[in-house]
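Residue numbers are given in my numbering: position 81 of the sequence shown equals residue 105, and the series is strictly consecutive. The beta-carbon is built from N, C-alpha and C at its ideal position, and this holds for glycine as well. Since the structure comes first, as structure tokens, the remarks are kept for the end.
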Amino acid sequence: MSRNVLVTGAARGIGRAIALRLARDGLNVAVNDIKASSSGLNKVQQEIEKMGQKSVAITADVSVDKEVETMMQNAAKELGSLNVVVANAGIAQVKSIIDITTEDWDKIFAVNMRGAGGKIIGACSGLGYRSAPMLSHYCASKWGVRGLTQAAAMEWAKHKITVNDYCPGLTKTTLADMFDEEMAKIQGKQKGDTI
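As structure tokens, this is what we get:
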């Protein structure tokens, strides 16, 4: 019996690696990312299909409820019912607390916290355990992911739904590169000396 998974934020970085690993492990994989990342998303889908697994690329913004609903329906339509959802999509922004707008805050939380019977796996971060300067709303959203994950795990255990998160440390991704570049500007240092 085939198992089916949906991985959000799968066009590059950690999401791409998760999607490819799950395909190597024999799962059919629906991959998701935003429209601006559709080229990378289509490449991941093709790589999965070359491994002999079924795959579908679905562009959707996980902060928009209607798009998430359509994404879930399309994934199930193309692959069958989903056994696992990896809510990996995430965004960040380097800004001082005093400069964060309500819109900045809402967007970070919409993607990082709301972006996600079976298994649900959410993307946390090392910054969900230890905060860092200039990343306050990102850190707060990742602490929120941890709290939501723990509460959902306790609440849904009686339904045999497992809820976990993973907290990678610093990983060479475009997001980490952006952190490094922005922090270097703020601190007056060279890129590569801040993280």
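Residue 70 sits exposed, since fewer than 16 C-beta atoms from the chains shown fall within 10 Å of its C-beta. A contact between stretches requires three or more CB pairs, one per stretch, nearer than 8 Å, and the stretch 89-102 fails this requirement with the stretch 110-127. Counting the other CB atoms within 10 Å of its CB gives residue 84 a total of 16 or more, which places it among the buried residues. Contact between residue 143 and residue 107 holds: CB atoms are separated by about 7 Å, below the 8 Å threshold. Per DSSP, the continuous alpha helix (DSSP H) segment holding residue 162 begins and ends at 160-180. Positions of the alpha helix (DSSP H) runs, each at least 4 residues long and wholly inside the stretch 33-78, are given as 37-48, 62-74 in order along the chain. When the beta-carbon positions are compared, residue 195 and residue 38 come within less than 8 Å of each other. Between residue 68 and residue 55 the beta-carbon gap is near 5 Å, inside 8 Å, which marks them as a contact. Between the C-alpha atoms of residue 203 and residue 182 there is a straight-line separation of about 40 Å.
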